[in-house]
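Read the structure below first, then the notes.
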Amino acid sequence: MKLVEVKHPLVKHKIGVMREADIDTKKFRELATEVGSLLTYEATADLETEK
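Structure below.
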């Protein structure tokens, strides 16, 4: 399995907010969705595209 360290400041910020003890479930889920979208971009950045 390939491991990638994401250094994007927006991802780091959102994960930091997700780690806060007083975060409510709705906000956590919103942030998880946003982080998932950003990580999808990172995971597919090296894929070749068709012409």
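Following my numbering from start to finish, the sequence shown increments by one per residue and tops out at 1086. Ideal Cβ placement from N, Cα and C applies to all residues, glycine included. Quantities reported herein were computed from a predicted structural model and do not represent experimental measurements.
N-terminal and C-terminal residue of the alpha helix (DSSP H) that residue i is part of
{"i": "Arg1064", "result": "1060-1079"}
{"i": "Val1052", "result": "1044-1053"}
Whole-number beta carbon distance between residue j and residue i, since they are thought to touch under 8 Å
{"i": "Lys1049", "j": "Glu1069", "result": "6 Å"}
{"i": "Val1041", "j": "Leu1074", "result": "7 Å"}
Neighbourhood of residue i by C-beta distance below 8 Å, restricted to the same chain and skipping five residues each side
{"i": "Ala1078", "result": "Val1039"}
Close beta carbons around residue i, own chain, < 7 Å, minus the five adjacent residues each side
{"i": "Ile1128", "result": "Absent from the structure is residue 1128, since the part of the chain shown begins at 1036 and ends at 1086."}
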